[in-house]
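Residue numbers (our numbering): 626 to 822.
Here it is, written out as structure tokens:
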């Protein structure tokens, strides 16, 4: 692990599920309180098995998702597609959430269709922060101030675990994709934009 990476892990693992013990010993540094954010508190309250992963956030980072991938992928043994970003989108009826792999681009048309609305656009960052209770770069699909209609890209369901923001920059949570869907009452759909040809 490089000098710039600091990773703290804590977790809850009822029923012998994946736990912090599955993280390499070199990655276990320090401790993050389980209820450090509303997202983590929601997981703990629901008894959902999860791992909390903390890494050093660089305030100069231009892409929060790319920063998470760079610091977490090799350290916790996941690929970039397992690390998900949370995008808040504006719908005719209010706001919604799309959760998709960091390296991918969102198809607003597909997200709108999945959420049963004719169109969607990226939400104003200030509106996203007010609605979710989280800052941009730390918006979690979990434990939001007000639960928003959510779509999780179908590709997430092919993994045994995925990572998403735990509600703070530099803080992610690993959990089963089915638990992510259940906790957010999400729709599962293909919402990725086709690669440019």
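Backbone N, C-alpha and C fix where the C-beta goes; we use that ideal spot for every residue, glycine too. Predicted, not measured: the structure shown is a model, and the values here were computed from it.
Asked: Backbone secondary structure at residue 764 - three-state DSSP; Found: coil
Asked: Supposed close pair residue 818, residue 744 - CB separation, criterion 8 Å; Found: Going by Cβ atoms, the distance from residue 818 to residue 744 rounds to 15 Å, so no, they are not a contact pair.
Asked: Exposed unless 16 or more other CB atoms sit within 10 angstroms - verdict on residue 681; Found: exposed
Asked: Under the three-state DSSP convention, the category residue 790 falls into; Found: strand
Asked: Residue 700 classed as buried or exposed, judged by whether at least 16 other C-beta atoms fall within 10 angstroms; Found: buried
Asked: Close beta carbons around residue 704, own chain, < 6 Å, minus the five adjacent residues each side; Found: none
Asked: Assigned exposure category for residue 632 - 16 Cβ within 10 Å defines buried; Found: With a pLDDT of only 48 at residue 632, under the threshold of 50, the placement of this residue in the model should not be trusted; the figure read from the coordinates follows. So residue 632 ends up on the buried side.
Asked: Where residue 797 falls: helix, strand or coil (DSSP); Found: strand
Asked: Separation of residue 811 from residue 732, as counted between CA atoms; Found: 17 Å
Asked: Test item: CB-CB of residue 823 and residue 679 under 8 Å; Found: The chain is shown from 626 up to 822; residue 823 falls before or after that span and cannot be answered.
Asked: Residues that DSSP places opposite residue 726 in a beta bridge; Found: 709
Asked: Nonlocal neighbours in the same chain, by C-beta distance under 6 Å from residue 728, ignoring five residues either side; Found: 705
Asked: Residue 820 classed as buried or exposed, judged by whether at least 16 other C-beta atoms fall within 10 angstroms; Found: exposed
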